[in-house]
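K.L.:
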Amino acid sequence: MGTVVDQAKKSEVNGKSLAEKNVTVVFVLGGPGSGKGTQCTNIVETFGFTHLSAGDLLRAEIKSGSENGTMIQNMIKEGKIVPSEVTIKLLQKAMLEDANNKFLIDGFPRNEENRAAFELVTGISPAFVLFFDCPEAEMERRLLGRNQGREDDNIDTIRKRFKVFLESSLPVIEYYDSLGKVRKINAAKPVDEVFEDVKSVFTTI
Ligand code: C5P
Ligand code: MG
51 MGTVVDQAKK SEVNGKSLAE KNVTVVFVLG GPGSGKGTQC TNIVETFGFT
101 HLSAGDLLRA EIKSGSENGT MIQNMIKEGK IVPSEVTIKL LQKAMLEDAN
151 NKFLIDGFPR NEENRAAFEL VTGISPAFVL FFDCPEAEME RRLLGRNQGR
201 EDDNIDTIRK RFKVFLESSL PVIEYYDSLG KVRKINAAKP VDEVFEDVKS
251 VFTTI
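Heads up: the sequence shown begins at 51 in the working numbering, then just goes up one per residue.
Take a look at the structure:
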């Protein structure tokens with residue numbers, strides 16, 4: 051019984067709900083190829099967070115043969131945003147199953163629906179939002195050069211992903227900016243230099 055939101059709120063692992071776990075969440079946002087994943091790996095090593103990439107969780111869900119797999123695969127191929135309830139369930143489960151209580155959530159929320167649904171379902175507001183700001187030409191160069199075997203790293207899908215980022219994801223960053231929660235990083239620089247800037251954000255929490 052109940053709505054999707056009611057069900058998600060009740061979701062528990064080993065009798066524990068997310069509300070009982072006092073979690074700190076940092077959203078890591080930026081266009082495709084802005085270096086979110088790379089920098090998250092560095093942040094995990096230095097600051098002891100657990101890295102949860104929404105895109106990686108969705109790709110794992112496809113591989114697991116889940117009933118949503120085909121739908122997710124088609125959305126990713128088109129650079130579209132998967133319905134929030136699917137992604138939020140994966141994030142909730144991952145947070146509950148991990149003993150850590152500090153999470154970097156990378157690539158989420160991607161649109162206003164993602165943002166509002168996550169806050170409603172989990173009751174979690176981010177401590178802050180790390181925003182990797184990078185020119186499109188540089189992101190395109192990185193995506194085309196990275197060779198991770200991803201079905202969405204081709205020029206047609208990349209263009210669609212850029213459009214979705216501008217139209218749907220930037221407004222989320224603007225929303226958090228209006229709350230004073232955005233920490234903007236110049237992500238066009240080399241990885242090590244970007245991490246220096248990232249470190250100063252995390253050491254002044
Ligand atoms: O963040 P990443 O580049 O790995 O995301 C790849 C794709 O996964 C996105 O283009 C989108 O199709 C899907 N995705 C989504 N919702 C999210 C994050 C990723 O639908 N919150
Ligand atoms: Mg990524």
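Cβ coordinates follow ideal geometry from the N, Cα and C atoms, glycine included.
#1: Which runs of the alpha helix (DSSP H) fall wholly inside the region 133-178 and span at least 4 residues, in chain order?
#2: At a threshold of 6 Å, does M125 count as lining the ligand C5P (C-beta to nearest heavy atom)?
#3: Looking only at its own chain, which residues have a Cβ that is under 7 Å from the Cβ of V75, when we skip the five neighbours before and after it?
#4: Give the DSSP bridge partners of R233, in chain order.
#5: Taking Cβ positions, are V73 and N164 nearer each other than 7 Å?
#6: Can you look up V241 in the DSSP assignment and give me helix, strand or coil?
#7: In chain order, what residues place their C-beta within less than 7 Å of a heavy atom belonging to the ligand MG?
#8: Can the beta-carbon of F168 be found less than 7 Å from the beta-carbon of I138?
#9: Just the Cα atoms here: how many angstroms apart are A144 and S67?
#10: Taking the beta strand (DSSP E) that G80 falls in, what are its first and last residues?
#11: So the beta strand (DSSP E) S114 belongs to, where does it begin and stop?
#12: To which residues does DSSP link T88 through a beta bridge?
#13: Check whether the region 196-210 and the region 92-100 are in contact - that is, three or more C-beta pairs closer than 8 Å.
#14: R211 and G115: beta carbons closer than 7 Å?
P.N.:
Checking against the coordinates, here is how it stands:
#1: Listed in chain order, they are 134-147, 162-172.
#2: Under cutoff, so the answer is yes.
#3: Non-local C-beta neighbours of V75 in its own chain, meaning closer than 7 Å and more than five positions away in sequence, comprise F153, I155, I174, P176, A177, ordered along the chain.
#4: Beta-bridge partners assigned by DSSP to R233: L180.
#5: With a cutoff of 7 Å on beta-carbon distance, V73 and N164 are scored as not near each other.
#6: Reduced to three states, the DSSP call for V241 is helix.
#7: Going down the chain, each residue whose beta-carbon is closer than 7 Å to a heavy atom of the ligand MG shows up: K86, G87, S103, G105, D106, D156, G157.
#8: In contact: F168 and I138 (Cβ atoms closer than 7 Å).
#9: Straight-line measurement puts the Cα of S67 at about 12 Å from the Cα of A144.
#10: Following the DSSP letters along the chain, one finds G80 inside the beta strand (DSSP E) bounded by residues 74-80.
#11: Careful: S114 lies outside any beta strand (DSSP E) and carries neither H nor E.
#12: As far as DSSP is concerned, T88 takes part in no beta bridge.
#13: With fewer than three CB-CB distances shorter than 8 Å, the region 196-210 does not count as touching the region 92-100.
#14: No, they are not a contact pair.
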